[in-house]
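According to this note's numbering, the sequence shown is numbered sequentially starting from 1.
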Amino acid sequence: MQEEQTRDVEKGIEVTSPRGADDILPTEIAGWTRAESLARDLFERFGYREIRTPMFEETALFERGTGESSDIVQKQMYTFTDRKGRSLTLRPEGTPSVVRAYIEHKMHVQQPLQKLYYIGPMFRYERPQAGRKRQHHQIGAEVIGCADPATDFELIYLACQFYNVLGLREVSVKINNLGCKADQKTYASRLYDFLKGRADRLCPDCRTRLERSPLRILDCKVEECQQNIQDAPLITDVVCKNCAKHHASVIQYMKDNRIGYADDPRLVRGLEYYTRTVFEVVHGGLGAKDALMGGGRYDDLVEELGGPKTPAAGFALGLERAMMALTSEEIVPHTERRADLYVAAMGDRAKQRGVSLAMRARALSFKVIMEYGNRSLKAHLRSADKAGAHHVAILGEKELERGVVVLKDMLTGEQSELPLDGFVERFIKMLTDETGGPPVM
Ligand code: HAM
Numbered sequence: 001m002q003e004e005q006t007r008d009v010e011k012g013i014e015v016t017s018p019r020g021a022d023d024i025l026p027t028e029i030a031g032w033t034r035a036e037s038l039a040r041d042l043f044e045r046f047g048y049r050e051i052r053t054p055m056f057e058e059t060a061l062f063e064r065g066t067g068e069s070s071d072i073v074q075k076q077m078y079t080f081t082d083r084k085g086r087s088l089t090l091r092p093e094g095t096p097s098v099v100r101a102y103i104e105h106k107m108h109v110q111q112p113l114q115k116l117y118y119i120g121p122m123f124r125y126e127r128p129q130a131g132r133k134r135q136h137h138q139i140g141a142e143v144i145g146c147a148d149p150a151t152d153f154e155l156i157y158l159a160c161q162f163y164n165v166l167g168l169r170e171v172s173v174k175i176n177n178l179g180c181k182a183d184q185k186t187y188a189s190r191l192y193d194f195l196k197g198r199a200d201r202l203c204p205d206c207r208t209r210l211e212r213s214p215l216r217i218l219d220c221k222v223e224e225c226q227q228n229i230q231d232a233p234l235i236t237d238v239v240c241k242n243c244a245k246h247h248a249s250v251i252q253y254m255k256d257n258r259i260g261y262a263d264d265p266r267l268v269r270g271l272e273y274y275t276r277t278v279f280e281v282v283h284g285g286l287g288a289k290d291a292l293m294g295g296g297r298y299d300d301l302v303e304e305l306g307g308p309k310t311p312a313a314g315f316a317l318g319l320e321r322a323m324m325a326l327t328s329e330e331i332v333p334h335t336e337r338r339a340d341l342y343v344a345a346m347g348d349r350a351k352q353r354g355v356s357l358a359m360r361a362r363a364l365s366f367k368v369i370m371e372y373g374n375r376s377l378k379a380h381l382r383s384a385d386k387a388g389a390h391h392v393a394i395l396g397e398k399e400l401e402r403g404v405v406v407l408k409d410m411l412t413g414e415q416s417e418l419p420l421d422g423f424v425e426r427f428i429k430m431l432t433d434e435t436g437g438p439p440v441m
């Protein structure tokens, strides 16, 4: 494969990024970094601390964590064997990795309650389309060590708050109670009884799901399967008293804090570890099936992965989908910082002085662009315009001889002269006099 690609390159045939894995270009990056820094700032204010786990893990972690019967494990993992024959998988989601790290580093010994967040790429072999990528990026939060329903609420609130600061308006919350594993077992057998007579009307995947894990059928995207579960029993009919009480408390927090939500008794989510609360945030601009974010409680996972019995809950949101939602609401994410100064130096001696001048201005926090080739003033001005530079410092042989820099204001076109020695300090003074305060950088 490698050889083939190399040959293609030699023949001049285009090599593109892998299907479903996109480049994020410099023109787009400002929106991404803005979203990431808003999340960091917000999550840290709530006491979450960042964790970075490897991009690949032993395959068994996801088989046991994400769950054997989930679509992710069944169909979507990028699994490979390394040179020593170990089976490894590019992480399709962050939760199992965070729980593994929690157990491996005995994090509960330092502090029983761990509030963690992560930002990074995830990999799923899905059919690529808008908002559905083979490499996508998530911002996730996990609270390990707390069974209190206030945690479930805090997580939902945190996600809503993130979308709020991002500027999105058309978001809504869906919430359901999946009960404990015992409730899910009871429900699975009720669902099985309901659907077994209609198995021939289910898609091939759902026929398998019916035998292995009937709950997954509720999550099937095939229209006919959705029709067949219209009158299916609801999980809310079977949840035990304790789980019902937990859910009622989460709902009360939502009401007390005026967070709008819709009860969705068919929301099961595609991952196997959930217990009690599950939730999603959806957006009007993404289409009915695509969630901006999803999460829930997973009180058994830490123990199932070999740790002490520890309740936990979390969520993850997709960054590609957040960017799509911003576009659909016509919110321009954030533009690149414009250059404060462009240094147009012509001739070798002027270039040397120009380089020092640019370095000095950058040390004082200005964004300064300088292009080094032998270029005409006209070419420099074109580049300065492209960089959106506010000012251009023009320095040629003539200016050097006179010990000045010609400063051009790109907005008004006005030109003035400042002494070359101490130029940056005079430039700052000029900006301060113009605005009546120190320059905003
Ligand atoms: P998930 O629902 O599988 O949950 O993914 C979370 C979010 O990632 C989705 O709501 C969506 O925005 C985004 N996403 C997922 N797959 C793709 C894709 N192929 N292309 C683009 N975006 C995608 C989880 O991953 C759980 N680990 C969430 C969680 C954390 N539950 C508890 N803690």
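Beta carbons: idealized from backbone N, C-alpha and C, even for Gly.
Keep in mind the model is a prediction, meaning the values are calculated, not measured.
In its chain, beyond the 5 residues on either side, Leu218 have a beta carbon closer than 7 Å to the beta carbon of Arg266. Tyr298 has its CB nearer than 7 Å to a heavy atom of the ligand HAM. Gln226 counts as exposed, since fewer than 16 other C-beta atoms from the protein chains shown sit within 10 angstroms of its C-beta. Residue pairing by DSSP places Arg132 opposite Gln129 in a beta bridge. Fewer than three pairs of CB atoms, one per stretch, sit closer than 8 Å, so the segment 117-137 makes no contact with the segment 296-309. Going by beta carbons, Gly422 and Leu395 fall outside the 8 Å limit. In the DSSP assignment, Asn177 is bridged to Thr277. Between Gly145 and Thr275, the C-beta spacing is not below 8 Å. Burial check for Arg127: the Cβ neighbour count within 10 Å stays below 16, so the residue is exposed. Between the alpha carbons of His390 and Arg362 lies a gap of roughly 15 Å.
8 Å or more divides the Cβ of Thr16 from the Cβ of Tyr118.
By the neighbour-count definition (other C-beta atoms within 10 Å, threshold 16), Met77 is a buried residue.
Taking each of Ala345, Ile175, Leu418, Val368 in turn and checking the Cα distance to Gly388, the smallest one comes out for Val368. Scanning Cys203, Arg209, Asn176 for the CA closest to the CA of Tyr192 turns up Arg209. By the Cβ criterion, the segment 253-264 is in contact with the segment 146-157, since at least three pairs of Cβ atoms, one from each stretch, lie closer than 8 Å. Straight-line measurement puts the Cα of Ser416 at about 16 Å from the Cα of Leu381. In this structure, the C-beta of Phe153 stays at least 7 Å away from each heavy atom of the ligand HAM. Met359 has its alpha-carbon roughly 49 Å from the corresponding atom of Thr81. Counting only runs of 3+ residues, the beta strand (DSSP E) found wholly inside the segment 333-379 occupies 341-345, 368-370, in chain order. Counting the other Cβ atoms within 10 Å of the Cβ of Pro112 gives fewer than 16, which makes it exposed. Residue state for Arg297 is assigned as strand, using DSSP reduced to three classes.
Ranked by how close their Cα comes to the Cα of Arg198, the residues Val424, Asp231, Met323 have Asp231 in first place. The shortest C-alpha to C-alpha distance from Val73 to any of Glu44, Lys106, Pro96, Ala325 is the one to Pro96. Between the beta-carbon of Lys174 and that of Ala262 there is about 5 Å, and that keeps the pair under the 8 Å contact cut. With respect to the 8 Å criterion, Arg100 and Glu170 are not classified as neighbours on the basis of their beta carbons.
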